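Quick notes on the structure that follows.
In our numbering, the protein residues as written are 34 to 923.
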């Protein structure tokens with residue numbers, strides 16, 4: 034390279050030739066090591082101009098122009114005059130040119146949004162020689178018929194009407210899911226007066242999501258290059274998001290350039306220095322555990338062990354993130370050393386330094402050690418069942434299914450046989466009368482009979498798979514899943530039904546869950562409370578065996594919502610097992626203790642003060658009065674009849690067409706059954722809500738009261754709604770429906786399946802997202818009382834799948850609660866992320882930033898309209914298919 038093209042050689046050349054007008058790319062100008070007073074005009078272009086370059090070269094006696102123009106537009110087509118202290122832009126189009134900002138589909142973006150710059154005007158080329166496909170992609174025609182070139186550059190219109198260049202749409206790099214503009218990092222590094230120029234590139238893309246390497250050119254000699262590297266790293270940490278902080282910073286003598294004068298990133302060398310870390314002075318390992326952890330962390334992070342201090346924070350100091358944490362846990366678990374075989378990712382977040390993790394491992398290793406450990410390790414795994422045994426088990430399951438369906442459908446089959454399949458008014462009446470009979474047999478009669486006959490012979494202990502005991506457990510569990518328990522849960526008749534099926538349940542207990550697969554393995558004592566959707570799992574399969582055990586909930590105990598009690602677990606008298614907790618097999622919560630978490634432990638989550646207040650409230654009524662029980666009976670009957678009533682209009686339409694015309698007419702009539710069924714269900718729900726709890730009173734109330742009956746009925750209506758029109762949820766119609774039920778739902782909100790809510794106490798902010806099976810704002814039950822509190826989810830907040838957000842929680846804007854997690858007591862600050870039960874704070878989480886807001890939060894109207902159309906058919910097609918399968922004669 035000619036030395037006069039860059040650096041001091043270029044400066045000498047410009048001075049010797051008394052140059053007053055300089056035109057070039059910013060990268061080359063940045064290499065000039067001194068001011069050149071003779072230059073009156075700088076005309077820059079070809080790449081993004083850093084703000085620091087303007088501050089350095091600008092002044093009252095020098096004009097700086099920033100020009101922009103791709104080759105496809107012949108020459109410069111926009112310009113801006115740059116002034117120190119004002120943000121750099123590429124200005125406005127030059128005369129005879131015009132600009133547009135487009136989304137990925139080629140449509141104009143909303144005002145203020147980021148879009149791809151398209152240039153039109155007299156200089157736009159006709160296309161690429163012998164490249165018709167590329168020409169068609171890049172050269173387009175707008176609605177006015179003007180020819181435009183799609184530049185691939187991302188811009189935004191400023192308040193002053195100028196174009197702000199944000200980088201290349203096709204040249205941004207992705208670092209662990211984030212879209213990163215390398216120019217922004219380079220600008221940050223060039224803010225140091227010792228740096229002339231900087232170039233950043235992405236290396237090791239296949240390793241932990243890639244790492245950023247920065248190469249800088251010095252403006253002047255420095256005494257300590259290593260100190261400068263660390264200073265630049267700390268400056269970047271203070272100004273940029275963690276995923277944009279370079280892992281490497283190397284000083285080089287020259288920046289490789291392409292013939293155009295732009296930096297050639299592909300020609301940059303590999304970093305010659307080690308990755309940069311923070312965390313203060315280096316602290317060495319003190320024992321074997323710390324040495325092993327240090328070596329493993331260094332290997333995963335790609336650092337020499339001596340660069341990893343045992344007091345350095347994995348996330349704040351060493352550049353770690355969720356992917357690094359997961360990789361680190363996998364490596365440690367594979368080693369199996371120092372009790373790490375069961376290490377979990379949350380333990381890394383809770384102990385983010387080597388020293389903290391080593392202390393944690395020592396403590397857990399000592400606590401878990403016991404004389405039985407060797408026996409457990411040495412225990413022989415059960416032999417695998419023979420193929421013949423597995424086949425026999427499967428055939429027995431099939432036989433049970435066939436018998437069940439045959440008995441349930443027998444009344445309908447008899448009617449068809451008697452009428453020889455010939456449609457008539459009499460046959461229609463007979464079918465309508467037989468449906469309730471079949472429904473009662475399949476939902477109430479057979480499940481109860483199966484649970485009683487097979488459940489009484491189930492025994493506690495470990496049993497071989499695919500044996501007789503396994504078959505009994507399977508039959509009872511399937512029978513209970515078909516039983517009316519989902520409709521009875523929370524009512525006094527749930528206790529009666531469970532006692533019929535063999536459970537030991539006190540009359541004063543409250544069971545808000547239907548997840549009881551083995552009633553004969555459940556004991557719930559007086560005044561105990563079990564919350565929504567809690568699994569009293571009397572059996573589980575692990576280690577090649579079927580484990581069956583009795584679950585006991587003691588007197589006055591409280592089990593929160595969405596909890597899981599494994600076989601053999603017990604909650605002692607007056608004890609509490611919190612929401613979203615797991616009580617493992619054989620574990621017991623001692624009397625009067627409060628446990629939370631998965632797995633549950635004492636004192637791991639701050640107690641909810643409202644629950645504490647409920648537990649100390651004076652005793653509420655322990656039985657339901659007769660008028661309340663009668664109202665339960667009437668409500669249960671209405672809810673059980675609702676599906677059949679909802680089918681009525683669709684049946685009448687199809688049969689009217691069949692009787693009046695022919696089978697083809699009936700077939701066409703079924704096209705209307707889907708929309709008609711959904712509309713009928715929603716209408717019936719709205720009508721029946723007039724008899725439910727339409728306005729929820731905030732505060733603590735007696736459960737066994739008229740309010741308690743109305744609250745139960747409200748929950749059941751939403752449950753029936755979810756069962757009959759499940760396809761309605763997770764669509765653009767869901768927010769509209771929930772608003773109709775009384776919820777405060779912001780615009781552009783995405784809601785999947787959601788249950789056990791009090792709509793009038795729920796607020797979901799604009800752009801928020803509630804994933805499938807998320808529970809937000811469920812009421813609290815304890816000690817014969819029920820508590821209602823407002824619950825809010827902020828703008829663009831995210832509730833993960835099967836997450837549980839208790840009533841009274843406040844999730845801040847842009848916050849996140851992960852899958853199957855529960856937020857900290859009281860809620861979450863804006864912008865924070867939490868995972869697990871109890872929740873751990875995620876200091877850094879990966880963000881998938883491939884798409885801009887036009888494909889996420891702010892889609893164009895035509896896409897929204899198209900989605901409404903598609904989702905209309907998604908909602909109604911299941912009902913239509915049901916209509917096609919409905920009996921209609923020969």
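Even glycine gets a Cβ: it sits at the ideal position worked out from N, Cα and C. Every value quoted in this text rests on a predicted model; they were computed, and no experiment measured them.
Subject >> Bridge partners - residue 513, DSSP secondary structure assignment >> reply: Your numbering for residue 513 matches position 480 in the chain shown. Paired residue(s): none; residue 513 is not in a bridge.
Original post:
residue 497 bridges to which residues according to DSSP?
Top reply: As a position in the chain shown, residue 497 is number 464, starting the count at 1. DSSP output for residue 497 lists 578 as bridge partner(s).
**OP:** Could you tell me which uninterrupted alpha helix (DSSP H) segments, each at least 4 residues in length, are contained entirely in the region 516-550, listed from first to last along the chain?
**Re:** 518-521 and 525-533
Original post:
Hey, out of 449, 226 and 758, whose CA is closest to residue 708's CA?
Top reply: Here residue 708 is taken as the residue at index 675 of the chain shown, counted from 1. The shortest C-alpha separation from residue 708 is found at 758.
Original post:
Going by DSSP, what residues sit across from residue 186 in a beta bridge?
Top reply: As a position in the chain shown, residue 186 is number 153, starting the count at 1. The partner list for residue 186 (beta bridge, DSSP) reads 201.
**OP:** Pull up the CB-CB distance for residue 647 and residue 820, whole angstroms please, since I reckon it's below 8 angstroms.
**Re:** Translated into the one-based positions of the chain shown, residue 647 becomes position 614. Translated into the one-based positions of the chain shown, residue 820 becomes position 787. With a Cβ gap of about 6 angstroms, residue 647 and residue 820 count as contacting.
Original post:
Once you ignore the five residues that flank residue 336 on each side, which residues in its own chain have a CB closer than 6 angstroms to its CB?
Top reply: Working through the chain shown from its first residue, we reach residue 336 at position 303. So the qualifying residues of the chain are 308.
Original post:
Taking DSSP as the reference, what is the three-state secondary structure of residue 605?
Top reply: The residue you call residue 605 lines up with position 572 of the chain shown. Of the three classes helix, strand and coil, the one that applies to residue 605 here is coil, per DSSP.
**OP:** Return the first residue and the last residue of the beta strand (DSSP E) that residue 566 is part of.
**Re:** Working through the chain shown from its first residue, we reach residue 566 at position 533. Residue 566 -> no beta strand (DSSP E), and no H or E assigned at all.
**OP:** For residue 412, name the three-state secondary structure that DSSP assigns.
**Re:** Position 379 of the chain shown, counting from 1, holds the residue named residue 412. Its pLDDT being 42, under 50, residue 412 is placed unreliably by the model, and the measurement read from it follows with that caveat. In the structure shown, residue 412 sits in coil (DSSP, three-state: anything other than H, G, I, E or B).
Original post:
Exposed or buried, which one is residue 901 when buried takes at least 16 other CB atoms within 10 Å?
Top reply: Position 868 of the chain shown, counting from 1, holds the residue named residue 901. The residue in question, residue 901, is exposed, as its Cβ has fewer than 16 Cβ neighbours within 10 Å.
**OP:** Could you say which of 715, 833 and 678 lies nearest to residue 466 if we only look at CA atoms?
**Re:** Here residue 466 refers to the residue found at position 433 of the chain shown. Here the closest residue by C-alpha is 678.
**OP:** Just the C-alpha distance for residue 805 and residue 869, rounded to the nearest angstrom, thanks.
**Re:** As a working mapping, residue 805 is identified with position 772 in the chain shown. As a working mapping, residue 869 is identified with position 836 in the chain shown. The straight-line gap from Cα to Cα measures roughly 17 angstroms.
**OP:** Compare the C-beta of residue 461 with all C-beta atoms of chain B and state if any pair is closer than 7 angstroms.
**Re:** Chain labels in this structure do not include chain B; a single protein chain is all it has.
Subject >> Closest residue to residue 895 among 444, 108 and 140 (Cα-Cα distance) >> reply: By 1-based counting over the chain shown, the position of residue 895 is 862. Closest option to residue 895, Cα to Cα, is 140.
Original post:
What three-state label does DSSP hand residue 430 in the structure shown?
Top reply: Along the chain shown, one-based indexing puts residue 430 at 397. Note: residue 430 maps to helix in three-state DSSP.
Subject >> Touch test, the region 816-835 against the region 735-748, Cβ-Cβ under 8 angstroms, three pairs minimum >> reply: yes
Subject >> Which of helix, strand or coil DSSP assigns to residue 448 >> reply: Translated into positions along the chain shown, residue 448 becomes position 415. Residue 448 falls in the helix class under three-state DSSP.
**OP:** Check whether the region 688-700 touches the region 577-593, taking contact to mean three or more Cβ pairs, one atom from each stretch, closer than 8 angstroms.
**Re:** no
Original post:
Using CA coordinates, which residue listed in 621, 593 and 229 is at the minimum distance from residue 599?
Top reply: Looking up residue 599 in the chain shown gives position 566. Taking only the C-alpha atoms, the option nearest residue 599 is 621.
**OP:** Can you grab the Cα-Cα spacing for the pair residue 295 / residue 193, in whole Å?
**Re:** Reading the chain shown from its first residue, position 262 is the one you call residue 295. Reading the chain shown from its first residue, position 160 is the one you call residue 193. Computed Cα separation, rounded: 29 angstroms.
Original post:
Under 7 angstroms between the Cβ atoms of residue 231 and residue 245?
Top reply: Numbered from its first residue, the chain shown carries residue 231 at position 198. Numbered from its first residue, the chain shown carries residue 245 at position 212. Result no, Cβ atoms of residue 231 and residue 245 do not sit closer than 7 angstroms.
Original post:
Taking Cβ to Cβ, would you say residue 135 is nearer than 7 angstroms to residue 184?
Top reply: For the purposes of this step, residue 135 is taken as the residue at position 102 of the chain shown. For the purposes of this step, residue 184 is taken as the residue at position 151 of the chain shown. Not a contact, by the Cβ cut-off of 7 angstroms.
Original post:
With a Cβ-Cβ cutoff of 7 angstroms, do residue 583 and residue 499 count as a contact?
Top reply: Locating residue 583 in the chain shown gives position 550, where the first residue counts as 1. Locating residue 499 in the chain shown gives position 466, where the first residue counts as 1. No, the Cβ-Cβ distance between residue 583 and residue 499 is not below 7 angstroms.
Subject >> Residues of its chain near residue 632, where Cβ-Cβ distance is below 7 angstroms and the 5 sequence neighbours each way are ignored >> reply: Along the chain shown, one-based indexing puts residue 632 at 599. Excluding residues within five positions, the ones whose Cβ falls inside 7 angstroms are 615 and 617.
Original post:
Helix, strand or coil: how does DSSP classify residue 404 here?
Top reply: Residue numbering aside, residue 404 sits at position 371 when the chain shown is read from its first letter. With a pLDDT of 39 at residue 404, under the threshold of 50, the modelled position of that residue is not reliable, and no figure is offered here.
**OP:** Measure the alpha-carbon distance for residue 506 versus residue 315 and round it to whole angstroms.
**Re:** Here residue 506 refers to the residue found at position 473 of the chain shown. Here residue 315 refers to the residue found at position 282 of the chain shown. Their Cα atoms are separated by approximately 58 angstroms.
Subject >> Local conformation of residue 315 per DSSP, three classes >> reply: The sequence position of residue 315 within the chain shown is 282, counting from 1. It is coil, neither helix nor strand.
**OP:** Go ahead and label residue 914 buried or exposed: buried means 16 or more other beta carbons lie within 10 angstroms of its beta carbon, across all protein chains shown.
**Re:** Position 881 of the chain shown, counted from the first residue, corresponds to residue 914. Counting Cβ neighbours within 10 Å, residue 914 comes out exposed, since fewer than 16 surround it.
Subject >> Beta-carbon proximity of residue 69 to residue 47, cut-off 7 angstroms >> reply: One-based indexing of the chain shown puts residue 69 at position 36. One-based indexing of the chain shown puts residue 47 at position 14. Contact flag set, yes.
Original post:
Between which two residues does the beta strand (DSSP E) containing residue 247 stretch?
Top reply: Numbered from its first residue, the chain shown carries residue 247 at position 214. First-last of the beta strand (DSSP E) with residue 247: 244-251.
Original post:
Does the separation of the CB atoms of residue 828 and residue 800 fall below 7 angstroms?
Top reply: The residue labelled residue 828 in the question sits at position 795 within the chain shown. The residue labelled residue 800 in the question sits at position 767 within the chain shown. For residue 828 and residue 800, yes; Cβs fall inside 7 angstroms.
Subject >> Whole runs of the alpha helix (DSSP H) within the region 337-388, excluding any shorter than 4 residues >> reply: 355-368 and 378-383
Original post:
Taking just the CA atoms, how far does residue 148 sit from residue 188?
Top reply: Counting from 1 along the chain shown, the entry for residue 188 is found at position 155. Counting from 1 along the chain shown, the entry for residue 148 is found at position 115. Roughly 6 angstroms between the two C-alpha positions.
Original post:
Taking the alpha carbon of residue 503 as the point to measure from, which residue in 418, 909 and 287 has its own alpha carbon closest?
Top reply: For the purposes of this step, residue 503 is taken as residue 470 along the chain shown, with counting starting at 1. Ranking the options by Cα distance to residue 503, first place goes to 418.
Original post:
Under the rule that 16 or more other beta-carbon atoms within 10 Å means buried, what is residue 145, buried or exposed?
Top reply: In the chain shown, the residue the question calls residue 145 occupies position 112. Result: exposed.
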